[in-house]
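Before any comments, here is the structure.
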Amino acid sequence: MHFTQTPTASWRPQVRFTQPVAGDLAQACVAVSPEHTNAQIYEILGRHRETVSLPVLEAGRPIGLINRSLFLSQISKPFYKELFEKKSCIAFMDKAPLIVEADTPIEQLALMTVESGEKALADGYLVVEHGQFKGLGHGLELMRVIAELQTERNRHIMQSIEYASVIQRSMLTVSDSALARSLTDACLIWEPRDTVGGDFYLFCDHADGWFAAVADCTGHGVPGAFLTLIAHSALRQALDKHGPQNPARLMAEVSQSIKSSLGQVDAGDAASNDGLDAAFVWFDATSKSVSYAGARTPLLLQRAGQEEVEIIDADRLGLGYSDTPLDATWTRKQIELSPGDLLLACTDGLIDQIGGPKSIAFGKRRLREALARHRDLPMPELGVMLMAELKAYQGGQLRRDDLTLFGMRLN
Numbered sequence: 005m006h007f008t009q010t011p012t013a014s015w016r017p018q019v020r021f022t023q024p025v026a027g028d029l030a031q032a033c034v035a036v037s038p039e040h041t042n043a044q045i046y047e048i049l050g051r052h053r054e055t056v057s058l059p060v061l062e063a064g065r066p067i068g069l070i071n072r073s074l075f076l077s078q079i080s081k082p083f084y085k086e087l088f089e090k091k092s093c094i095a096f097m098d099k100a101p102l103i104v105e106a107d108t109p110i111e112q113l114a115l116m117t118v119e120s121g122e123k124a125l126a127d128g129y130l131v132v133e134h135g136q137f138k139g140l141g142h143g144l145e146l147m148r149v150i151a152e153l154q155t156e157r158n159r160h161i162m163q164s165i166e167y168a169s170v171i172q173r174s175m176l177t178v179s180d181s182a183l184a185r186s187l188t189d190a191c192l193i194w195e196p197r198d199t200v201g202g203d204f205y206l207f208c209d210h211a212d213g214w215f216a217a218v219a220d221c222t223g224h225g226v227p228g229a230f231l232t233l234i235a236h237s238a239l240r241q242a243l244d245k246h247g248p249q250n251p252a253r254l255m256a257e258v259s260q261s262i263k264s265s266l267g268q269v270d271a272g273d274a275a276s277n278d279g280l281d282a283a284f285v286w287f288d289a290t291s292k293s294v295s296y297a298g299a300r301t302p303l304l305l306q307r308a309g310q311e312e313v314e315i316i317d318a319d320r321l322g323l324g325y326s327d328t329p330l331d332a333t334w335t336r337k338q339i340e341l342s343p344g345d346l347l348l349a350c351t352d353g354l355i356d357q358i359g360g361p362k363s364i365a366f367g368k369r370r371l372r373e374a375l376a377r378h379r380d381l382p383m384p385e386l387g388v389m390l391m392a393e394l395k396a397y398q399g400g401q402l403r404r405d406d407l408t409l410f411g412m413r414l415n
């Protein structure tokens, strides 16, 4: 049985403003039919590792969408493969994906995508013309087009930023829910300097533990936010491919993906030098230990009953930059935890904030001292106190950078 691919379509800005429509963003993709079995879907996904979603078509009309990550997680459950591999792929498809007509204006499409939730941003949306499937749209491409539209139309720039902000915040809500399910004593603070920003976080829970990432991408505002979508997508794909247990391996995969996406494989030929600093953490629920890898983002550790705050140093190499070698590797560090131990990771928006009577950076020393002072507080209150101390130190100085902080205490 053959699978089909739809023709490629791409959007290009016009010299005179022309409102693009959903059909302009329709991308070529692999598509399947209800006659495909789950075994065939498994084989197709294996051959097309870049495929995030598979449209399911019947007589050329879309009837559902198969998400790679959800499909593979379901089919890998005990006995599921034996039970379902010969059955139709509709068993695991989303029967209510976002479907839009090709002539839908981009601004209306953005609202529809946000209203449909994180699913449409992550999986994509199906574009049809008179009911017939034309292609698959992607949230990342939609945000790019919106940003370019608003650059072309200066009078709508704030509207563009608001769209980008809603999309960026929607990207983070899944992590918020996973964190709430997994940790009872934790804090997570995300404060972009502008309406949108270059920081992001990711948290996902698993049967045997949880994974957390805090990242600081190059730039602020819309350019920084655009890079967060690229990096967030690269990390999600790396997690699907390798699992969460080895943060150092994930860093290498994300770095390679970003270098490729931004054309920064060869430092001498690269037109840009963008990337990110990050901390990736895997917590193993059985051993009560943490695997950590850091790219210029250290991890702070405070043992239960101790005033001293340890700094687990990160590697000095950022992810994805043109001068980061394509085959670069990062160090995986193992940390055994005991009940009451506290972990914290933050982007440099906190440490580098200028303030105080001498107008110097807040720094790691003040952060460690603040942690020691408030170590007995529940993590949500501790996070509030840290931000209050930072704000007091900042005084009348302008906010220097985006800020993200993640902390947890082992119960």
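All residue numbers for the sequence shown refer to this note's numbering, where the first residue is 5 and numbers rise by one.
Glycine is no exception: its CB is placed at the ideal position from the N, C-alpha and C atoms.
Q. Which word fits residue 248, buried or exposed, when buried means at least 16 other C-beta atoms lie within 10 angstroms of its C-beta?
A. Mapped onto the sequence shown, residue 248 falls at position 244. Classification of residue 248: buried, given that the 10 Å Cβ count is 16 or more.
Q: For residue 210, I'd like the list of residues in its chain whose CB is within less than 8 Å of its CB, leaving aside the five on either flank, ordered along the chain.
A: Within the sequence shown, the letter at position 206 stands for residue 210. For residue 210, where only same-chain residues beyond five positions count, the Cβ hits under 8 Å are 248.
Q) With a CB to CB cut of under 6 Å and the five nearest residues on each side skipped, what residues in its chain are close to residue 372? A) The sequence position of residue 372 within the sequence shown is 368, counting from 1. Closer than 6 Å at the Cβ level, and outside the excluded window around residue 372, lie 313.
Q) Who pairs with residue 63 in a beta bridge, going by DSSP? A) Start at 1 with the first residue of the sequence shown, and residue 63 comes out as number 59. Answer by DSSP bridge pairing: none, since residue 63 is not bridged.
Q: Within 10 angstroms of the Cβ of residue 263, are there 16 or more other Cβ atoms? Answer buried if so, exposed if not.
A: Taking the sequence shown and counting its residues from 1, the one referred to as residue 263 is at position 259. Classification of residue 263: buried, given that the 10 Å Cβ count is 16 or more.
Q) Is it true that the CB of residue 90 sits closer than 8 Å to the CB of residue 41? A) By 1-based counting over the sequence shown, the position of residue 41 is 37. By 1-based counting over the sequence shown, the position of residue 90 is 86. Yes, the pair counts as a contact, with Cβ atoms nearer than the cut-off.
Q: Sort out for me which residues DSSP pairs residue 355 with in a bridge.
A: Position 351 of the sequence shown, counting from 1, holds the residue named residue 355. According to DSSP, which records beta bridges pairwise, residue 355 is partnered with nothing at all.
Q. Since residue 1 is in the beta strand (DSSP E), which residue starts that stretch and which ends it?
A. Coverage of the chain is limited to positions 5 through 415, which leaves residue 1 absent and any answer about it impossible.
**Q.** residue 238 versus residue 206: straight-line alpha-carbon distance, rounded
**A.** Within the sequence shown, numbered from 1, the residue matching residue 238 stands at position 234. Within the sequence shown, numbered from 1, the residue matching residue 206 stands at position 202. Roughly 12 Å separates the two Cα atoms.
Q: With a 10 Å radius around its C-beta and 16 neighbouring C-beta atoms as the bar for buried, classify residue 8 as buried or exposed.
A: Working through the sequence shown from its first residue, we reach residue 8 at position 4. Its pLDDT being 38, under 50, residue 8 is placed unreliably in this model, and the value from its coordinates should be taken loosely. That one is exposed.
Q: Specify, as a first and last residue, the run of the beta strand (DSSP E) that residue 293 falls within.
A: As a position in the sequence shown, residue 293 is number 289, starting the count at 1. Residues 293–299.
Q: Please determine if the segment 24–41 and the segment 136–148 are in contact, where contact requires at least 3 C-beta pairs separated by less than 8 Å.
A: yes
Q) Given a threshold of 16 other Cβ atoms within 10 Å of its Cβ, counted over all protein chains shown, does residue 273 qualify as buried or as exposed? A) Mapped onto the sequence shown, residue 273 falls at position 269. Exposed is the call here.
Q) Going by the CB atoms, is the gap between residue 299 and residue 321 shorter than 8 Å? A) Translated into the one-based positions of the sequence shown, residue 321 becomes position 317. Translated into the one-based positions of the sequence shown, residue 299 becomes position 295. Cβ atoms of residue 321 and residue 299: closer than 8 Å.
**Q.** Ranges of the alpha helix (DSSP H) found wholly within the segment 309–384, counting only runs of at least 4
**A.** 352–355, 367–377
Q: For the alpha helix (DSSP H) containing residue 154, list its first residue and its last residue.
A: The count along the sequence shown starts at 1 and reaches residue 154 at position 150. 143–156 is the extent of the alpha helix (DSSP H) around residue 154.
Q) Counting Cβ pairs, one atom from each stretch, are 3 or more of them under 8 Å apart for the segment 190–199 and the segment 384–392? A) yes
**Q.** Length at least 3, wholly inside the segment 382–413: the beta strand (DSSP E) runs in chain order
**A.** 407–413
Q.
Between the alpha carbons of residue 347 and residue 337, how many angstroms are there, rounded?
A. Taking the first residue of the sequence shown as position 1, residue 347 is located at position 343. Taking the first residue of the sequence shown as position 1, residue 337 is located at position 333. Going from the Cα of residue 347 to the Cα of residue 337 covers about 14 Å.
Q: Would you check if the segment 242–258 and the segment 279–292 touch, i.e. whether three or more CB-CB distances between them fall below 8 Å?
A: yes
Q | Inter-residue Cα distance where the pair is residue 218 and residue 319 | A | As a position in the sequence shown, residue 218 is number 214, starting the count at 1. As a position in the sequence shown, residue 319 is number 315, starting the count at 1. Distance between the alpha carbons of residue 218 and residue 319: 15 Å.
Q. Quick one: Cα of residue 351 to Cα of residue 364, how far?
A. Numbered from its first residue, the sequence shown carries residue 351 at position 347. Numbered from its first residue, the sequence shown carries residue 364 at position 360. If you take the alpha carbons of residue 351 and residue 364, they lie about 17 Å apart.
Q: Could you tell me which residues DSSP pairs with residue 204 in its beta bridges?
A: Counted from its first residue, the sequence shown places residue 204 at position 200. In DSSP, residue 204 forms a bridge with 219.
**Q.** Three-state secondary structure (DSSP) of residue 75
**A.** Working through the sequence shown from its first residue, we reach residue 75 at position 71. Residue 75 falls in the helix class under three-state DSSP.
(Q) Quick check on this structure: which residue in 59, 74, 75 has the alpha carbon closest to the alpha carbon of residue 68? (A) Numbered from its first residue, the sequence shown carries residue 68 at position 64. Looking at the Cα atoms, 59 is the closest of the given residues.
Q | Buried versus exposed, by CB contacts within 10 Å (16 or more), residue 309 | A | As a first step, residue 309 must be located in the sequence shown, where it is residue number 305. When all chains shown are included, residue 309 counts as exposed.
(Q) For residue 43, which residues in the same chain have their Cβ closer than 7 Å to its Cβ, ignoring the five residues on either side in sequence? (A) By 1-based counting over the sequence shown, the position of residue 43 is 39. The answer, listed in chain order, is 89, 90.
Q) Under the rule that 16 or more other beta-carbon atoms within 10 Å means buried, what is residue 185, buried or exposed? A) Position 181 of the sequence shown, counting from 1, holds the residue named residue 185. The residue in question, residue 185, is exposed, as its Cβ has fewer than 16 Cβ neighbours within 10 Å.
Q) Are the beta-carbon atoms of residue 349 and residue 303 separated by less than 8 Å? A) As a working note, residue 349 is residue 345 in the sequence shown. As a working note, residue 303 is residue 299 in the sequence shown. Against a cut-off of 8 Å, the Cβ pair of residue 303 and residue 349 comes out as a contact.
(Q) Using the three-state DSSP reduction, which class does residue 109 fall into: helix, strand or coil? (A) Here residue 109 refers to the residue found at position 105 of the sequence shown. Note: residue 109 maps to strand in three-state DSSP.
(Q) I need the DSSP call for residue 177, collapsed to helix, strand or coil. (A) What you label residue 177 is simply residue 173 of the sequence shown in a count that begins at 1. Note: residue 177 maps to helix in three-state DSSP.
Q. So, are the CB atoms of residue 168 and residue 151 less than 8 Å apart?
A. Residue numbering aside, residue 168 sits at position 164 when the sequence shown is read from its first letter. Residue numbering aside, residue 151 sits at position 147 when the sequence shown is read from its first letter. A contact, by the Cβ cut-off of 8 Å.
Q. From which residue to which residue does the beta strand (DSSP E) around residue 306 run?
A. Translated into the one-based positions of the sequence shown, residue 306 becomes position 302. Element bounds for residue 306: 303–306.
(Q) Please report the distance separating the alpha-carbon of residue 92 from that of residue 104. (A) Taking the first residue of the sequence shown as position 1, residue 92 is located at position 88. Taking the first residue of the sequence shown as position 1, residue 104 is located at position 100. About 25 Å.
Q.
Looking at the ligand NAP, does it come within less than 7 Å of residue 51, judged from the CB to the closest heavy atom?
A. Ligands are entirely absent from the displayed structure, and the ligand NAP is therefore not among its contents.
**Q.** Beta-carbon proximity of residue 267 to residue 231, cut-off 8 Å
**A.** Counting from 1 along the sequence shown, the entry for residue 267 is found at position 263. Counting from 1 along the sequence shown, the entry for residue 231 is found at position 227. Contact: no.
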